[in-house]
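Read left to right, the sequence shown gives residues 98 to 309 (our numbering).
This report refers to the structure that appears directly beneath it.
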Amino acid sequence: MTPEEITAREQIVIAGAALTARGLAHGTAGNISIRLDDGILVTPTNSSLGTLDAARLTKLDFNGTYVSGDLPSKEGFMHLASYQRRPQDSAVVHLHCSHSVAVSSLADIDADNPIPPITPYFVMRVGKVQMLPYFRPGDRALADAIASVDPARHAVLLANHGPVVSGHSLNNSIAAIEELEETAKLFLLLGGRAVRTLNADQLADLAHHFPS
Ligand code: 13P
Numbered sequence: 098m099t100p101e102e103i104t105a106r107e108q109i110v111i112a113g114a115a116l117t118a119r120g121l122a123h124g125t126a127g128n129i130s131i132r133l134d135d136g137i138l139v140t141p142t143n144s145s146l147g148t149l150d151a152a153r154l155t156k157l158d159f160n161g162t163y164v165s166g167d168l169p170s171k172e173g174f175m176h177l178a179s180y181q182r183r184p185q186d187s188a189v190v191h192l193h194c195s196h197s198v199a200v201s202s203l204a205d206i207d208a209d210n211p212i213p214p215i216t217p218y219f220v221m222r223v224g225k226v227q228m229l230p231y232f233r234p235g236d237r238a239l240a241d242a243i244a245s246v247d248p249a250r251h252a253v254l255l256a257n258h259g260p261v262v263s264g265h266s267l268n269n270s271i272a273a274i275e276e277l278e279e280t281a282k283l284f285l286l287l288g289g290r291a292v293r294t295l296n297a298d299q300l301a302d303l304a305h306h307f308p309s
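Below, the structure is given as structure tokens:
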């Protein structure tokens with residue numbers, strides 16, 4: 098096993114424990130992956146992110162063929178589709194974190210922009226979110242839908258399900274999905290009242306100073 102793969106396994110275990118400690122992962126919900134040179138490492142299906150075992154993480158090749166470890170997450174194909182869509186990214190995190198799921202369950206939400214640009218950190222870490230319709234967890238059609246999202250967006254919200262966020266590194270993906278969850282919470286706190294979102298000049302200023 099390469100040193101890169103050993104490190105990636107450790108990073109996934111640490112991330113799963115941290116996300117659980119922060120209340121962002123519960124039960125056996127959610128999955129995490131890291132891209133390697135010869136495939137991906139992904140959390141096994143039905144595992145609790147808080148108690149992962151580095152030696153039992155699943156390895157898949159880039160076609161989704163099983164290589165080693167426990168049975169893969171049923172969302173393994175969703176992770177592979179995320180890497181195909183954004184080859185610059187090397188980690189994907191999917192959670193069922195409560196506030197994001199709540200927003201994803203609102204009936205009259207704009208799928209093209211489900212959470213408005215309320216704060217600079219939401220704009221800098223997450224950007225524009227794409228919401229997708231409901232799919233059964235593990236449905237291969239979900240992977241196809243992820244593949245079709247604008248590659249400029251790295252945060253996707255699955256209706257009645259939760260967010261899927263990719264990033265250049267696992268730390269980036271986690272920072273982004275945590276920012277998304279906190280902004281979803283703010284959005285719900287605002288409760289449909291008129292919100293002063295960042296204006297076009299403020300968004301351009303952020304893009305200039307913090308290019309993605
Ligand atoms: P897995 O246990 O198969 O990873 O599925 C969990 C999940 O979050 C489904 O969306």
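All C-beta atoms, glycine included, are put in the ideal place defined by N, C-alpha and C.
The Cβ atoms of Ile137 and Leu157 lie closer than 7 Å to each other. Assignment of Leu138 by DSSP, reduced to helix, strand and coil, places it in the strand class. According to DSSP, Val190 shares a beta bridge with Ile129 and Val262. Contact between Ala105 and Ile131 holds, with the beta-carbon distance rounding to 4 Å and staying under 8 Å. One alpha carbon belongs to Pro211, the other to Val164, and they sit about 37 Å apart. Collapsing the DSSP output to three states places Ser165 in a strand.
Across the structure, Phe159 and Thr140 are spaced so that their CA atoms are roughly 15 Å apart.
The stretch 226 to 240 makes no contact with the stretch 289 to 300: fewer than 3 CB pairs, one atom from each, lie closer than 8 Å. Note that the C-beta distance between Ala178 and Ala256 is not below 7 Å. Nearest C-alpha to Leu267 among Asp302, Ser187 and Ser144: Ser187.
Looking only at Ile206, His176, Ala272 and Gly113, the smallest Cα-Cα distance to Val261 is reached by His176.
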